[in-house]
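Participant: Here my numbering is used: position 147 in the sequence shown is 151, and no number is missing along the way.
Cβ atoms here follow ideal geometry from the backbone N, Cα and C, with glycine treated the same way.
Okay, here's the structure, questions in a sec.
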Amino acid sequence: MLTSVKIIVHLAALLPLVWLYYGAINDTLGADPVEYVIHFTGTGALNILLLTLALSPAAKFFKKPVLIKLRRLVGLWAFTYAIFHLLNFIFFELQFDWRLLVSEIVKRPYITVGMMAFLILSLLAFTSINRIKRKMGKNWQQLHNWVYIAAIAVVIHFYWSIKSDIYQPALYALILLWLLSLRRSRIKVWLFK
Ligand code: HEM
């Protein structure tokens with residue numbers, strides 16, 4: 005059962021990426037394909053990140069503990085989308101100009117915050133390897149609470165990247181606030197103990 009669900013999750017995450025790059029190669033993504041791929045992978049990463057945060061409350065609500073077992077897999081897909089998002093930016097917008105990347109990180113606050121979120125997600129993905137998780141003991145949970153900071157940083161990144169219509173980031177902010185409020189006691193213990 006769990007294996008079939010995992011296969012479905014892999015396909016649901018992988019197929020949109022295949023469709024996206026197939027469209028990019030065949031020039032079917034509209035007038036501004038670069039903006040399209042950056043938008044698609046950015047919102048994809050954020051959607052999957054929020055889905056990761058929704059799995060525990062959903063497992064409790066629907067009494068389906070199997071959902072908790074999907075957290076790592078879904079979280080790693082959020083990270084994969086974030087990698088594609090960053091690579092699209094470096095490849096299509098900066099043409100692999102690493103000095104320009106550093107100056108963008110320093111000069112543009114929305115890129116600074118995006119990079120901060122990306123670094124946190126990288127650390128979480130790296131420490132999700134079983135051997136490392138075991139070695140970290142109690143510190144593992146402490147570190148993985150940083151997923152909340154990463155999610156907040158991504159919503160700020162989205163909001164700051166928008167020039168006009170703030171409807172979408174505002175909606176994401178509301179969903180994130182709701183997901184965080186479901187964990188308020190756990191977050192209070194983490195922050196104030
Ligand atoms: C690694 C550092 C990052 C860089 C350099 C970066 C770069 C960008 C750029 C250039 C945009 C488009 C802004 C525009 O339309 O002018 C963008 C938007 C966005 N990014 Fe990132 N990003 C980073 C990290 C992340 C991460 C980690 C996530 C999610 C997990 C994310 C999610 C988003 C979202 C949701 C948008 C708005 C989509 C849109 O409307 O275009 N970004 N980012």
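Between the region 8-17 and the region 34-46, are three or more C-beta pairs nearer than 8 Å?
Facilitator: no
Participant: Is it right to say Y26 is buried, meaning 16 or more other beta carbons lie within 10 angstroms of its own, or is it exposed?
Facilitator: Locating residue 26 in the sequence shown gives position 22, counting from the first residue. Exposed is the call here.
Participant: Just to confirm before moving on: does the CB-CB distance between V78 and L59 stay below 8 Å?
Facilitator: Within the sequence shown, residue 78 is the residue found at index 74, counting from 1. Within the sequence shown, residue 59 is the residue found at index 55, counting from 1. Contact: yes.
Participant: According to DSSP, is T56 helix, strand or coil?
Facilitator: Within the sequence shown, the letter at position 52 stands for residue 56. Three-state result, T56: helix.
Participant: Please tell me whether, using a cut-off of 7 Å, the distance from the CB of M119 to the nearest non-hydrogen atom of the ligand HEM is below it.
Facilitator: Here residue 119 refers to the residue found at position 115 of the sequence shown. Yes.
Participant: Which residue spans inside the region 136-168 form an unbroken alpha helix (DSSP H) run of at least 4?
Facilitator: With a minimum length of 4 residues, the continuous alpha helix (DSSP H) runs that stay inside the region 136-168 are 143-148, 150-165.
Participant: Under the criterion of a Cβ to heavy atom distance below 7 Å, does F95 qualify as lining the ligand HEM?
Facilitator: Reading the sequence shown from its first residue, position 91 is the one you call residue 95. No; taking the cut-off as 7 Å, the Cβ of F95 has no heavy atom of the ligand HEM nearer than that.
Participant: Does the region 93-113 come close enough to the region 64-81 that 3 or more CB-CB pairs lie under 8 Å?
Facilitator: no
Participant: Residue range of the alpha helix (DSSP H) that F130 falls in?
Facilitator: Counted from its first residue, the sequence shown places residue 130 at position 126. Taken as a continuous stretch (DSSP letters only), the alpha helix (DSSP H) holding F130 covers 113-130.
Participant: Could you round the C-beta distance between I153 and I191 to whole angstroms and report it? I think they count as a contact, below 8 Å.
Facilitator: Counting from one through the sequence shown, the residue named residue 153 turns up at place 149. Counting from one through the sequence shown, the residue named residue 191 turns up at place 187. Going by Cβ atoms, the distance from I153 to I191 rounds to 10 Å, so no, they are not a contact pair.
Participant: Looking at the secondary structure, which residues open and close the alpha helix (DSSP H) in which M99 lies?
Facilitator: Position 95 of the sequence shown, counting from 1, holds the residue named residue 99. It is Gln, not Met, that sits at residue 99 in the sequence shown. Per DSSP, Q99 belongs to no alpha helix (DSSP H) and is neither H nor E.
Participant: Using CA coordinates, which residue listed in S168, R138, A17 is at the minimum distance from L2?
Facilitator: In the structure as shown, the chain begins at 5 and stops at 197. Residue 2 is therefore absent and cannot be evaluated.
Participant: Going by alpha carbons, who is nearest to I133 out of W194, H148, D169?
Facilitator: Taking the first residue of the sequence shown as position 1, residue 133 is located at position 129. It is H148.
Participant: What would DSSP say about K68, mapped onto helix, strand or coil?
Facilitator: Counting from 1 along the sequence shown, the entry for residue 68 is found at position 64. Note: K68 maps to coil in three-state DSSP.
Participant: Return yes when the Cβ of A49 is within less than 8 Å of the Cβ of A82, no when it is not.
Facilitator: By one-based count along the sequence shown, residue 82 stands at place 78. By one-based count along the sequence shown, residue 49 stands at place 45. Result yes, Cβ atoms of A82 and A49 sit closer than 8 Å.
Participant: Alpha carbon to alpha carbon, what distance is there between E97 and A155?
Facilitator: Residue numbering aside, residue 155 sits at position 151 when the sequence shown is read from its first letter. Residue numbering aside, residue 97 sits at position 93 when the sequence shown is read from its first letter. Going by the C-alpha atoms only, they are around 24 Å apart.
Participant: Does the ligand FMN have a heavy atom nearer than 7 Å to the CB of L57?
Facilitator: As far as ligands go, the structure on display features the ligand HEM and does not contain the ligand FMN.
Participant: Here's the rule: buried if 16 or more other CB atoms are within 10 angstroms of the residue's CB, otherwise exposed. What is Y171?
Facilitator: The count along the sequence shown starts at 1 and reaches residue 171 at position 167. Exposed is the call here.
Participant: Less than 7 Å separating the Cβ of A174 from some heavy atom of the ligand HEM?
Facilitator: For the purposes of this step, residue 174 is taken as residue 170 along the sequence shown, with counting starting at 1. No, the ligand HEM has no heavy atom inside 7 Å of this Cβ.
Participant: Confirm the yes/no value for this check: CB of G79, any heavy atom of the ligand HEM, distance under 7 Å.
Facilitator: One-based indexing of the sequence shown puts residue 79 at position 75. For the ligand HEM, not one heavy atom lies less than 7 Å from the Cβ of G79.
Participant: Check this for me: beta carbons of F88 and L184, under 8 Å apart or not?
Facilitator: Numbered from its first residue, the sequence shown carries residue 88 at position 84. Numbered from its first residue, the sequence shown carries residue 184 at position 180. No, they are not a contact pair.
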